[in-house]
Amino acid sequence: MRTTKKGKELYYELVKPMKELAKRNKMLSTKEWSKLRANTIKDIEKMKKRRISILIKE
Amino acid sequence: MIKSIVLNDYELTNLDKMVIEFSSILGKYSDYVIVSGYLAIVFGNARETLDVDFIYKDMKGKEEEFSKEIKKNFYWSEKDIEKALKKGERMSIFHRKSDWYIDLKKASSIFDEISIKDRIKLLLNDKEIFVSPIELQICYKISQLGSDKDIKDASYLYEFFKEKIDKKKLKEYARMMGADLSVIEG
Chain A
1 MRTTKKGKEL
11 YYELVKPMKE
21 LAKRNKMLST
31 KEWSKLRANT
41 IKDIEKMKKR
51 RISILIKE
Chain B
1001 MIKSIVLNDY
1011 ELTNLDKMVI
1021 EFSSILGKYS
1031 DYVIVSGYLA
1041 IVFGNARETL
1051 DVDFIYKDMK
1061 GKEEEFSKEI
1071 KKNFYWSEKD
1081 IEKALKKGER
1091 MSIFHRKSDW
1101 YIDLKKASSI
1111 FDEISIKDRI
1121 KLLLNDKEIF
1131 VSPIELQICY
1141 KISQLGSDKD
1151 IKDASYLYEF
1161 FKEKIDKKKL
1171 KEYARMMGAD
1181 LSVIEG
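Chains A and B are the protein sequences, given in the same order.
Letter by letter, the first sequence follows residues 1 to 58 of our numbering.
Letter by letter, the second sequence follows residues 1001 to 1186 of our numbering.
#1: Taking only beta carbons into account, state which residues of the stretch 1008-1019 of chain B come closer than 9 Å to chain A, listed in chain order.
#2: Pick out whichever of B:1044, B:1043, B:1029, B:1048 has its Cα sitting closest to the Cα of residue 44 of chain A.
#3: Which residues in chain B have a C-beta closer than 9 Å to the C-beta of residue 46 of chain A? List them in chain order.
#4: Is the CB of residue 1155 of chain B under 8 Å away from at least one CB in chain A?
#5: List, in chain order, every chain B residue whose beta-carbon is nearer than 7 Å to that of residue 37 of chain A.
#6: By how many angstroms is the C-alpha of residue 1154 of chain B removed from the C-alpha of residue 1043 of chain B?
#7: Does residue 50 of chain A come within less than 8 Å of chain B when only Cβ atoms are used?
#8: Can you list the residues of chain B that residue 27 of chain A reaches, using a CB-CB cut of under 9 Å?
#9: Give the DSSP bridge partners of residue 1104 of chain B, in chain order.
#10: Examine chain A for any beta-carbon lying closer than 8 Å to the beta-carbon of residue 1135 of chain B, and answer yes or no.
#11: Applying the criterion that 16 or more other CB atoms from any shown protein chain within 10 Å of the CB defines a buried residue, is residue 28 of chain A buried or exposed?
#12: If I follow the unbroken alpha helix (DSSP H) through residue 1026 of chain B, where does it start and stop?
#13: With respect to the alpha helix (DSSP H) encompassing residue 1033 of chain B, which residues constitute its N-terminal and C-terminal limits?
#14: Tell me the DSSP secondary structure of residue 1130 of chain B in three-state form.
#15: Residue 22 of chain A and residue 1013 of chain B look like a contact to me (Cβ under 8 Å); what is the Cβ gap, rounded to whole Å?
#16: Quick one: which chain A residues come within Cβ less than 7 Å of residue 1147 of chain B?
#17: Residue 1126 of chain B to residue 1184 of chain B, Cα distance in whole Å?
#18: How many Å lie between residue 31 of chain A and residue 1016 of chain B at the Cα?
#19: Report back the beta-carbon spacing between residue 1029 of chain B and residue 1059 of chain B to the nearest angstrom; my notes put them in contact at under 8 Å.
#20: How far does the alpha helix (DSSP H) with residue 1121 of chain B in it reach, from first residue to last?
#21: Do we get a CB-CB distance below 8 Å when we pair residue 1160 of chain B with the residues of chain A?
#22: From this set, B:1011, B:1118, B:1001, B:1005, which residue's C-alpha is nearest residue 1031 of chain B's C-alpha?
#23: Near residue 1106 of chain B, what residues of its chain come up, given a Cβ to Cβ distance below 7 Å and the 5 sequence neighbours on each side ignored?
#24: Would you grab the beta carbon distance between residue 1148 of chain B and residue 3 of chain A for me? Rounded to a whole angstrom, and I think it's under 8 Å.
#25: Would you give the residue range spanned by the alpha helix (DSSP H) that residue 1006 of chain B belongs to?
Spelled out as structure tokens, the structure:
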């Protein structure tokens, strides 16, 4: 679905956080940023599994 | 324009390993390119995804060999994959060991053709994959897709490659697609 955000809302909610993340990653070595990324992706996977187990309990 | 990118000491995720595996097989049968969300993910935007988008050029009658080779670790719902591939149908190919799947389509638009022609060779440690030109992806995500997630990806890629991207190409693609670059340049 196309974004409905405009102007400042679009900038502060979507554009700015991503630019900050990219700026931080550019300051790090590939080893460092790829490790951070890998850890985050692993956490996302864990959260997905946790969500599924919660649903089953309900 | 960026022709190749080498990332050494790169920590591979299971998603990357799946992409590398599929790429190494597809690459034997056709030129291909990875587009859309995976580009932002592989360069550090650690977000969730379920699918990875691949565009291939032409398998030149080798569809059967390709399907035999991917069958070990991937599956699909089409009864006759070779027929579907020959017809150039868009397909979802699922990974047997995870929730991820490949969205595979044959090049059909001018932008697909450009993506393949000007693709970037990306070395993740020593593993080779091919990804779409960054300039084209930024414009495509803003103009043709345009969801919150796409604007985020475009912003991330723009900032991450700001010093390296071909500004002339970026403007050219923006004009072709009607992409408003001011959205991410601010």
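Glycine residues also receive a C-beta, built at the ideal position from the N, C-alpha and C atoms.
None of these values were measured; they are calculated from a predicted model.
Judging by the given coordinates:
#1: 1008, 1009, 1010, 1011, 1012, 1013, 1014, 1015, 1016
#2: Working through the first sequence from its first residue, we reach residue 44 of chain A at position 44. Comparing Cα-Cα distances from residue 44 of chain A to each of B:1044, B:1043, B:1029, B:1048, the minimum goes to B:1048.
#3: Start at 1 with the first residue of the first sequence, and residue 46 of chain A comes out as number 46. Ordered by position in chain B, no residue passes the 9 Å Cβ test against residue 46 of chain A, which lies about 12 Å from the chain.
#4: Within the second sequence, numbered from 1, the residue matching residue 1155 of chain B stands at position 155. Taking Cβ atoms only, chain A reaches closer than 8 Å to residue 1155 of chain B, which makes this a yes.
#5: By one-based count along the first sequence, residue 37 of chain A stands at place 37. Simply 1044, 1046.
#6: By 1-based counting over the second sequence, the position of residue 1043 of chain B is 43. By 1-based counting over the second sequence, the position of residue 1154 of chain B is 154. So the alpha carbons of these two residues sit roughly 12 Å apart.
#7: Along the first sequence, read from residue 1 onward, the residue named residue 50 of chain A stands at position 50. So no, residue 50 of chain A is outside the interface.
#8: The sequence position of residue 27 of chain A within the first sequence is 27, counting from 1. By Cβ distance, chain B contributes nothing, its closest Cβ being about 11 Å from residue 27 of chain A, past 9 Å.
#9: Working through the second sequence from its first residue, we reach residue 1104 of chain B at position 104. In the DSSP output, where bridge partners are listed per residue, residue 1104 of chain B has B:1054, B:1091.
#10: Within the second sequence, the letter at position 135 stands for residue 1135 of chain B. Not flagged as an interface residue toward chain A: residue 1135 of chain B, since no C-beta distance is shorter than 8 Å.
#11: As a position in the first sequence, residue 28 of chain A is number 28, starting the count at 1. The residue is exposed, with fewer than 16 neighbouring Cβ atoms inside 10 Å.
#12: Translated into positions along the second sequence, residue 1026 of chain B becomes position 26. Run containing residue 1026 of chain B: 1014-1029, per the alpha helix (DSSP H) assignment.
#13: One-based indexing of the second sequence puts residue 1033 of chain B at position 33. Premise fails: residue 1033 of chain B lies in the beta strand (DSSP E), 1032-1035, not in any alpha helix (DSSP H).
#14: Your numbering for residue 1130 of chain B matches position 130 in the second sequence. Here residue 1130 of chain B sits in strand by DSSP.
#15: For the purposes of this step, residue 22 of chain A is taken as residue 22 along the first sequence, with counting starting at 1. For the purposes of this step, residue 1013 of chain B is taken as residue 13 along the second sequence, with counting starting at 1. About 19 Å; that fails the 8 Å criterion.
#16: Position 147 of the second sequence, counted from the start, is the residue given in the question as residue 1147 of chain B. Per Cβ cutoff of 7 Å: 1, 2, 3.
#17: For the purposes of this step, residue 1126 of chain B is identified with residue 126 of the second sequence, where counting begins at 1. For the purposes of this step, residue 1184 of chain B is identified with residue 184 of the second sequence, where counting begins at 1. Residue 1126 of chain B and residue 1184 of chain B: Cα-Cα distance of roughly 32 Å.
#18: What you label residue 31 of chain A is simply residue 31 of the first sequence in a count that begins at 1. What you label residue 1016 of chain B is simply residue 16 of the second sequence in a count that begins at 1. Near 15 Å, if we compare the C-alpha coordinates of residue 1016 of chain B and residue 31 of chain A.
#19: Looking up residue 1029 of chain B in the second sequence gives position 29. Looking up residue 1059 of chain B in the second sequence gives position 59. Rounded, the Cβ-Cβ distance is 5 Å, consistent with contact.
#20: Looking up residue 1121 of chain B in the second sequence gives position 121. Note, residue 1121 of chain B: premise wrong, no alpha helix (DSSP H); beta strand (DSSP E) at 1120-1124.
#21: For this step, residue 1160 of chain B is matched to residue 160 along the second sequence. It does: the Cβ of residue 1160 of chain B has a partner Cβ on chain A nearer than 8 Å.
#22: Taking the first residue of the second sequence as position 1, residue 1031 of chain B is located at position 31. For the residues B:1011, B:1118, B:1001, B:1005, the minimum Cα distance to residue 1031 of chain B belongs to B:1118.
#23: Mapped onto the second sequence, residue 1106 of chain B falls at position 106. So the qualifying residues of the chain are 1056, 1088.
#24: Looking up residue 1148 of chain B in the second sequence gives position 148. Looking up residue 3 of chain A in the first sequence gives position 3. Indeed, because the Cβ distance is near 5 Å, the residues count as touching under 8 Å.
#25: Within the second sequence, the letter at position 6 stands for residue 1006 of chain B. That residue, residue 1006 of chain B, is in no alpha helix (DSSP H); its beta strand (DSSP E) goes 1004-1007.
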